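Taken in order, these protein sequences are the chains called A and B. If you're matching positions, the first sequence starts at 1 in this note's numbering and goes up one per residue. If you're matching positions, the second sequence starts at 322 in this note's numbering and goes up one per residue.
Protein chains: 2
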Amino acid sequence: MIKVALDAMGGDHAPSQIVEGAVLAAKESAGLYHIVLCGPEELVRSELSRLGYDGDGISVVDAPELVAMDESPMQVLKTKQNSGLVVSVGLQKKGLVQASVSAGNSGAMMAACLMILGRFGNIARPAIALNMPNHKGPCVMLDMGANVDEKPQMLVDFAHCGSVYAEAIYGIENPRVGLINMGEEEKKGTEVIQEAHQLLKSSGLNFIGNVEGRDVLAGMADVIVTPGFTGNVILKLIEGFYELHQHLFGHIDTPAGREFEKQWDYRNHGGGLLLGLNGTGIIAHGRSDALAVKNAVITAYKLAEAKVSEKIALRLGSPSK
Amino acid sequence: MIKVALDAMGGDHAPSQIVEGAVLAAKESAGLYHIVLCGPEELVRSELSRLGYDGDGISVVDAPELVAMDESPMQVLKTKQNSGLVVSVGLQKKGLVQASVSAGNSGAMMAACLMILGRFGNIARPAIALNMPNHKGPCVMLDMGANVDEKPQMLVDFAHCGSVYAEAIYGIENPRVGLINMGEEEKKGTEVIQEAHQLLKSSGLNFIGNVEGRDVLAGMADVIVTPGFTGNVILKLIEGFYELHQHLFGHIDTPAGREFEKQWDYRNHGGGLLLGLNGTGIIAHGRSDALAVKNAVITAYKLAEAKVSEKIALRLGSPSK
Numbered sequence: 001m002i003k004v005a006l007d008a009m010g011g012d013h014a015p016s017q018i019v020e021g022a023v024l025a026a027k028e029s030a031g032l033y034h035i036v037l038c039g040p041e042e043l044v045r046s047e048l049s050r051l052g053y054d055g056d057g058i059s060v061v062d063a064p065e066l067v068a069m070d071e072s073p074m075q076v077l078k079t080k081q082n083s084g085l086v087v088s089v090g091l092q093k094k095g096l097v098q099a100s101v102s103a104g105n106s107g108a109m110m111a112a113c114l115m116i117l118g119r120f121g122n123i124a125r126p127a128i129a130l131n132m133p134n135h136k137g138p139c140v141m142l143d144m145g146a147n148v149d150e151k152p153q154m155l156v157d158f159a160h161c162g163s164v165y166a167e168a169i170y171g172i173e174n175p176r177v178g179l180i181n182m183g184e185e186e187k188k189g190t191e192v193i194q195e196a197h198q199l200l201k202s203s204g205l206n207f208i209g210n211v212e213g214r215d216v217l218a219g220m221a222d223v224i225v226t227p228g229f230t231g232n233v234i235l236k237l238i239e240g241f242y243e244l245h246q247h248l249f250g251h252i253d254t255p256a257g258r259e260f261e262k263q264w265d266y267r268n269h270g271g272g273l274l275l276g277l278n279g280t281g282i283i284a285h286g287r288s289d290a291l292a293v294k295n296a297v298i299t300a301y302k303l304a305e306a307k308v309s310e311k312i313a314l315r316l317g318s319p320s321k
Numbered sequence: 322m323i324k325v326a327l328d329a330m331g332g333d334h335a336p337s338q339i340v341e342g343a344v345l346a347a348k349e350s351a352g353l354y355h356i357v358l359c360g361p362e363e364l365v366r367s368e369l370s371r372l373g374y375d376g377d378g379i380s381v382v383d384a385p386e387l388v389a390m391d392e393s394p395m396q397v398l399k400t401k402q403n404s405g406l407v408v409s410v411g412l413q414k415k416g417l418v419q420a421s422v423s424a425g426n427s428g429a430m431m432a433a434c435l436m437i438l439g440r441f442g443n444i445a446r447p448a449i450a451l452n453m454p455n456h457k458g459p460c461v462m463l464d465m466g467a468n469v470d471e472k473p474q475m476l477v478d479f480a481h482c483g484s485v486y487a488e489a490i491y492g493i494e495n496p497r498v499g500l501i502n503m504g505e506e507e508k509k510g511t512e513v514i515q516e517a518h519q520l521l522k523s524s525g526l527n528f529i530g531n532v533e534g535r536d537v538l539a540g541m542a543d544v545i546v547t548p549g550f551t552g553n554v555i556l557k558l559i560e561g562f563y564e565l566h567q568h569l570f571g572h573i574d575t576p577a578g579r580e581f582e583k584q585w586d587y588r589n590h591g592g593g594l595l596l597g598l599n600g601t602g603i604i605a606h607g608r609s610d611a612l613a614v615k616n617a618v619i620t621a622y623k624l625a626e627a628k629v630s631e632k633i634a635l636r637l638g639s640p641s642k
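Laid out in C-alpha cells, this is it:
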C-alpha cells in the first residue's frame, strides 16, 4: 500500500484544513493509500477528534517544530529537522512512505526534497509541473517556477519529465510536446529558447514545435515546456484570471460553468508536482483548503503508484544516490 | 489638425475592414483628425464607394504594392517602397502625417518605423506597449514582443516610456511602475530581472517593486514592465482567455459582462503602440476588424496629439536624427 506523508502545519489554513483534507482523502482511499500526518502530535490528534475521525487510513508522526512561510530554505533544513515539512520528506528517504506533500514554505519544501531525496544523475534541477486548465483534454506544463536562467538542455530534461508524466498519469502514448515561444517560427524567441527548440527537434520526443500563450489553453499539446520564470508568470496569471472571473460572474450554473470551475480552480489540480527527484514530492498551494489538500494527497498517491519518479529515472539515467 | 496614415492593405481583413474602420473613425473625428488611406488607389476608392462614404476626413494616397504577412521585414523595406505599409510611415517622415497605423506584417511595420522614423538617441530599442484589460483603471504594459534578451537598462527605458504614456494619455501623475517577477522579493527572478529591479529603484520613477502574474489584472500598477518574451506570452494568453470565455459563455448581458467585454476585447485596446520612436506608430492586430481599426486610428491620433513621442524624447534624450 502506498503511504503519503502530509505536512500538517504547512499553509495558510494549517492545521485545520490540512487535517480535514487528510480525512477527506482517507475516506476516498478505498484501501489504496494511507496518510501519515506529520505535525505536533497532540494538536493533530485534537483536530482529528474535532472532525470526529477515528477511522483507518491515517496515522500521526510527531513533528513539533514549526516552519514560517518566509524562513530561508537552508535555515529550515538546518534548524527545523523536527518540522512536519522536513519529517514528511525524511520518512520518504527512510522508505517509510512513498510520497510527501506540503502546502507550507514552498522554497523549503523544494530544498528538502532536493537535499534529502536527491535528484537523478543526469537531471541538473527538478522542475515544478502543473496540471493545466484545459477544456480539450489533460495537459501538463513545466517548469512553473523552480528554476531561473535555465540552460537549453534543462528545457529538454523538463520535456522528458513531462512526457513520462503524461504517459504514466494521462495514459497518452507518445505525448505531444510544445515549447512556449513568441511565435511559431523556429527563429523566434530568446537565444535559450531557439537553442532549446533545436535540441527538442533531435530529442526523440514527439516535439510539435513552438506554442504560443493562447495555445496553452487550446489543447495544442499534452506537455508544455517553458522556463521557470515564464511558467510562474503564466501560473499566477491563470490564478488571477480565475479570481477575476469568480469576482465578476460568481458560480455560473450551466454545464460550461461547472466545467470551467472544474478546470480552472487550482484546488482541483493536485498541486505543484516535483519532477526529476529521486522520490515523489508535491508542493500544494499556500492557500490550500481541505479540497485542495485532498486532491494533492490523491495526486501524490497516483504519482507514487504509477512510479513516475522511477520511470523518469529509467528515461534519463539512474538516481544519483 | 493631426493626420493619421493607415495602411489599407494590412491585415487578414484588408482592405474591406480597414477602409470601413477608417470611415467609422472619420465619422467620429469631429474635425480633430484626418485619415490618409495608403493602398492601391482604385481599390481603396471602390471600397469607399461601396460604403457610400464621400464625406470629409479621408484622403487616399496611391500605394499599389502588397506586403505578405510572412515576408521578411528587410525584404519589405527594400522591395516594397510603394506598399501601403511603407508609404504610411514615409508620409510621417516627410511631415505630411503625424502617425502611422498598420494591421499588416508586424515585423515589417516595426522595421519600417525603426528604420524610417528612427529612434531616440538614448533608447536602444523601441518597445510595443499595450493597454491592458483592467477593471480598476487604465494600465499600460510593455514590452509585448518587440525585443528579446534585453539588457537590464532596456527595461528601465521601457519603464520611462510607459510612464510618459500613462501621464500623457491616462492623466496619471507620477504613475506606479511595477516589474513582472516570480515573487515579491527583490532577490527573485532571473539575473536580468534582479538587476533591472535595482536599476528601477534608483531611476527616479515611482517604482512600486515586483508584481506577479495575478497583479497584472488587479490594478496594482499603472505601468507594468517585462521583457518582450514574457510580454508576448502574456498578451497571447490574455487573448486565449478571452476567446475561451466567449466560447464557453458567449455575451453575458449584465453590467459585469459588458464591462468584461469592454476590457478584454482586444479591439478596444487601440493596438500595439510603438514607444521610443522618433514618431508615432501603431501595429494593429492582424485580425483587426473595422472596430479595431477605428480604435487604432483614434489611439494614434491621441498619441500624436498628446505628443507622447516628443515627451519621451524630452525625458530620455533628444531624437537621433
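A virtual CB, placed ideally from N, CA and C, is assigned to each residue, including glycine. None of these values were measured; they are calculated from a predicted model.
Proximal residues to residue i (C-beta, below 7 Å), its chain only, five neighbours per side dropped
i	result
Ser163 of chain A	Pro175, Val177, Leu205 and Val223
Glu310 of chain A	none
Asn134 of chain A	Leu217, Gly219 and Gln263
Ser203 of chain A	Val156 and Ala159
Gln153 of chain A	Leu199
Ala300 of chain A	Val4, Ala99, Val101, Thr280 and Ile282
Residue i, buried or exposed, once every other Cβ within 10 Å from all chains shown has been counted against 16
i	result
Leu48 of chain A	buried
His285 of chain A	buried
Gly395 of chain B	The sequence shown places Met at residue 395 of chain B, not Gly. Burial call: exposed.
Lys80 of chain A	buried
Gln198 of chain A	exposed
Pro576 of chain B	exposed
Glu28 of chain A	exposed
Gly534 of chain B	buried
His251 of chain A	exposed
Asp253 of chain A	exposed
Ser72 of chain A	exposed
Ser367 of chain B	exposed
Option in the options with minimal Cα separation from residue i
i	options	result
Ala489 of chain B	B:Val461, B:Asp478 and B:Lys457	B:Val461
Leu37 of chain A	A:Gly31, A:Leu24, A:Val60 and A:Gly21	A:Val60
Ala335 of chain B	B:Arg446, B:Lys415, B:Gly360 and B:Val513	B:Gly360
Val233 of chain A	A:Gly145, A:Lys294 and A:Met154	A:Gly145
Ala346 of chain B	B:Ile573, B:Ala429 and B:Lys623	B:Lys623
Glu363 of chain B	B:Asp377, B:Tyr486 and B:Glu386	B:Glu386
Ala323 of chain A	A:Lys78, A:Pro227 and A:Asp54	This structure cannot speak to residue 323 of chain A, because chain A is shown only from 1 to 321.
Asp215 of chain A	A:Asp149, A:Arg125 and A:Met132	A:Met132
Gly57 of chain A	A:Ile312, A:Val76, A:Asp289 and A:Val297	A:Val297
Partner residues on chain B for residue i, Cβ-Cβ distance less than 7 Å
i	result
Ile180 of chain A	Val554
Ile252 of chain A	Phe570
Gly145 of chain A	Met503
Neighbourhood of residue i by C-beta distance below 6 Å, restricted to the same chain and skipping five residues each side
i	result
Glu305 of chain A	Ile2
Gly602 of chain B	Ser421, Cys434 and Leu595
Ser102 of chain A	Asp7, Gly10, Leu85 and Met109
Ile172 of chain A	Ala166 and Asp222
Own chain residues within Cβ distance below 8 Å of residue i, not counting five before or after
i	result
Lys236 of chain A	none
Gly317 of chain A	Phe120, Gly121, Asn122 and Ile123
Glu239 of chain A	Tyr266
Asp54 of chain A	Leu48
Within chain A, partners of residue i - CB distance below 7 Å
i	result
Leu558 of chain B	Gly213, Arg214, Val216, Ile234 and Leu237
Asp470 of chain B	Thr190 and Glu191
Distance CB(residue i)-CB(residue j) smaller than 8 Å
i	j	result
Ile128 of chain A	Leu142 of chain A	yes
Val614 of chain B	Ile339 of chain B	yes
Gly118 of chain A	Asn295 of chain A	no
Leu85 of chain A	Asp7 of chain A	yes
Val67 of chain A	Gly104 of chain A	yes
Ile470 of chain B	Glu191 of chain A	For the sequence presented, residue 470 of chain B should be read as Asp rather than Ile. Contact: yes.
Gly189 of chain A	Phe550 of chain B	yes
Pro447 of chain B	Gly597 of chain B	yes
Cys161 of chain A	Ile312 of chain A	yes
Gln515 of chain B	Lys522 of chain B	no
Asn210 of chain A	Leu179 of chain A	yes
Closer than 8 Å at the beta carbon, the chain A residues around residue i
i	result
Thr551 of chain B	Phe229, Thr230 and Val233
Residue i: contacting residues in chain B (beta-carbon distance under 8 Å)
i	result
Ala256 of chain A	Leu569 and Phe570
Phe158 of chain A	Correct list: empty, because the minimum Cβ distance to chain B is about 16 Å.
Proximal residues of chain B, C-beta to C-beta of residue i below 9 Å
i	result
Glu243 of chain A	Arg535, Leu538 and Ala539
Gly240 of chain A	Glu533, Gly534, Arg535, Asp536, Val537, Leu538 and Ala539
Any non-hydrogen atom of the ligand GDP within 7 Å of residue i CB
i	result
Ala335 of chain B	By its list of ligands, the structure shown contains no ligand whatsoever, and the ligand GDP lies outside what it can speak to.
Proximal residues of chain A, C-beta to C-beta of residue i below 9 Å
i	result
Phe581 of chain B	Leu244, His245, Leu248 and Phe249
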